[in-house]
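Input: a single structure, listed below in structure tokens.
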Amino acid sequence: MFRSLRLAILGLAAVCLSGCVAGDIPYEELEARYGGPASRYVDLEDGLRVHYRDEGNPEAEVTLVMAHGFAASLHAWEPWVERLKDDYRLVSLDLPGHGLTRAPEGYQSSPEGQVAVVDALAAELGLPPFVLAGNSMGGGVAWRYALAHPQKVRALVLVNAAGWPSAAVEGEADSRPMVFKLLENPLGRSLLRNLDPRPLAGRGLRQAYGDEALVTPELVDRYVELARAPGHRAILTDPRRRGAAAPVTPETFAAIQAPTLVIVGALDQVIPAERGAGFAQGIPGARLITYADGGHVPMEQLPDRTAQDLRVFLESLPPAS
107 MFRSLRLAIL GLAAVCLSGC VAGDIPYEEL EARYGGPASR YVDLEDGLRV HYRDEGNPEA
167 EVTLVMAHGF AASLHAWEPW VERLKDDYRL VSLDLPGHGL TRAPEGYQSS PEGQVAVVDA
227 LAAELGLPPF VLAGNSMGGG VAWRYALAHP QKVRALVLVN AAGWPSAAVE GEADSRPMVF
287 KLLENPLGRS LLRNLDPRPL AGRGLRQAYG DEALVTPELV DRYVELARAP GHRAILTDPR
347 RRGAAAPVTP ETFAAIQAPT LVIVGALDQV IPAERGAGFA QGIPGARLIT YADGGHVPME
407 QLPDRTAQDL RVFLESLPPA S
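If you're matching positions, the sequence shown starts at 107 in the numbering used here and goes up one per residue.
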């Protein structure tokens, strides 16, 4: 009771800080600002118009598909694309409720739905078995995809991934950005659907990136403005977005047979590092790399080191059959 009341008060404070509600920004305006020469769009079932990029070497022996985290977009993978484009085919996408992907009114996102979007895009592009990478929420999409479609996943890369089954310890400090706490409260969710996300975005991004220098005005603008795409806030704040997925235990991951690289930033304030690292214990033969100075998005914070470690992993894969 007291926890809910505290979060409700925090939600009201967020509204006061915001100063006003903020309306949607038309997709046409957002596409002009945040699309680019590599941007492509495909119409899928359920009324989705998915924004993706298919970059790098189209003749490469390895195709890498990348799924971003909650409230992020495919832009999060640009540092890896820049460093790996000469040697690999690189496909990134905006999941429903994110980036420039459009969803119809009333669309309900879910873990299974996100997996289906990745699978539909892969089918549209005619991809061979591919390496699937995911950060945070996208990591949850990646391991669920590997369980649902093992024959299509050549390898798995989990970057501070969400979904390791670990209960919070009583008395444990909750260091997550405020927006995640508000999302757990009905009043907080209601407020987030309408208020200007900017007051919460700056602080939350500084926690996620762990480096003030990386949280530029341009970065904050991109997160805030893409969150104001029509329908995005309704999807992001829908309590049903986690869906009714089957219960997950540490034993769930024993079924993943794809070669797996687990990347963890030890300073992650969004997903505790020990939870991100749990996948390396549960997935047979998984490799774990922990960056002592990394946070929640090490592919952006430490692009040279993470891209090089990823390259070593990719080069170790057996030839495609």
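Cβ coordinates follow ideal geometry from the N, Cα and C atoms, glycine included.
My understanding is that V223 touches R250, with C-beta atoms under 8 Å, so please give their C-beta distance in whole angstroms.
The pair is not a contact, with the Cβ atoms about 12 Å apart (cut-off 8 Å).
In whole angstroms, what separates the C-alpha of G316 from that of L373?
One C-alpha to the other measures close to 8 Å.
Taking the C-alpha atoms as reference points, what is the distance between Q414 and I395?
So the alpha carbons of these two residues sit roughly 12 Å apart.
Since I341 is in the alpha helix (DSSP H), which residue starts that stretch and which ends it?
Taken as a continuous stretch (DSSP letters only), the alpha helix (DSSP H) holding I341 covers H338 to L342.
Within the segment 151-215, note down every full beta strand (DSSP E) run reaching 3 residues or more, in order along the chain.
If we require 3 residues or more, the beta strand (DSSP E) runs fully inside the segment 151-215 come out as 155-162, 169-173 and 195-199.
Does S272 pass the burial test, meaning 16 or more other C-beta atoms within 10 Å, or should it be called exposed?
Exposed, since its Cβ has fewer than 16 Cβ neighbours within 10 Å.
Thinking C-beta only, is L420 closer than 8 Å to Y140?
No; because the gap between Cβ atoms is not below 8 Å, this pair is not in contact.
Does DSSP put T322 in a helix, in a strand, or in coil?
Three-state result, T322: coil.
How many angstroms separate the CA atom of H174 from the CA atom of L342?
The alpha-carbon atoms of H174 and L342 are separated by roughly 14 Å.
Would T366 pass as a contact of I389 if the rule is Cβ separation under 8 Å?
Yes, Cβ-Cβ distance for T366 and I389 is below 8 Å.
Distance, Cα to Cα, S198 vs V263?
Approximately 14 Å between the Cα atoms of the pair.
Return the chain-ordered list of same chain residues with a C-beta closer than 8 Å to the C-beta of L423, the five sequence neighbours on each side being excluded.
For L423, where only same-chain residues beyond five positions count, the Cβ hits under 8 Å are V168, V237, R260, A261 and P365.
In chain order, what residues of the same chain lie with their CB nearer than 6 Å to the CB of L244, ignoring the 5 residues before and after it?
Note that residue 244 is Gly in the sequence shown here, rather than Leu. Excluding sequence neighbours, G244 sits near A173, H174 and G175.
Would you say L253 and V156 are within 8 Å of each other, going by their C-beta atoms?
Going by C-beta atoms, L253 is not nearer than 8 Å to V156.
Is the CB-CB distance between N163 and Y194 below 8 Å?
Cβ atoms of N163 and Y194: closer than 8 Å.
Could you pull out every residue in the same chain whose Cβ sits closer than 7 Å to the Cβ of E165, ignoring the five residues on either side in sequence?
Closer than 7 Å at the Cβ level, and outside the excluded window around E165, lies no residue.
Please return the same chain residues whose Cβ sits closer than 6 Å to the Cβ of A144, not counting the five positions on each side in sequence.
Within the same chain, A144 has close Cβ partners R159 and E161.
Helix, strand or coil, according to DSSP, for A361 in the structure here?
Here A361 sits in helix by DSSP.
Where do the ends of the alpha helix (DSSP H) carrying G308 lie?
Run containing G308: R304 to Y315, per the alpha helix (DSSP H) assignment.
Beta carbon of L154, beta carbon of A209: below 8 Å?
Contact: yes.
Could you compute how far the alpha carbon of A138 sits from the alpha carbon of V265?
Spanning the two alpha carbons is a distance of roughly 30 Å.
I need the boundaries of the alpha helix (DSSP H) containing V129, first residue and last residue.
The displayed chain sequence assigns Gly, not Val, to residue 129. Careful: G129 lies outside any alpha helix (DSSP H) and carries neither H nor E.
Could you check the C-alpha separation between P378 and E188 for me, to the nearest Å?
Approximately 28 Å between the Cα atoms of the pair.
I need the boundaries of the beta strand (DSSP E) containing D149, first residue and last residue.
Segment S145 to D149, the beta strand (DSSP E) holding D149.
Leaving out the 5 sequence neighbours to the left and right, which residues in its chain are closer than 8 Å to A319 when beta-carbon positions are compared?
Cβ within range, chain order: n/a, list empty.
Report the start-end ranges of each alpha helix (DSSP H) in the segment 233-274 that is 4 residues or longer and not cut off at the edges.
Whole alpha helix (DSSP H) segments, 4+ residues: 243-254.
If you reduce the DSSP assignment to three classes, tell me which class L367 lands in.
DSSP places L367 in strand when its eight states are reduced to three.
Do F359 and the ligand MN come close, with the Cβ less than 7 Å from some heavy atom?
In the structure shown, the ligand MN is absent, as is every other ligand, since no ligand is present at all.
With DSSP collapsed to three states, give me the class of M107.
At M107, the pLDDT of 43 sits below 50, so the modelled position is not reliable; the number obtained from the coordinates is stated separately. Coil.
Tell me, please, which residues DSSP counts as bridged to T396.
DSSP output for T396 lists V370 as bridge partner(s).
If you draw a straight line from the alpha carbon of D399 to that of A268, how long is it in whole angstroms?
Going by the C-alpha atoms only, they are around 20 Å apart.
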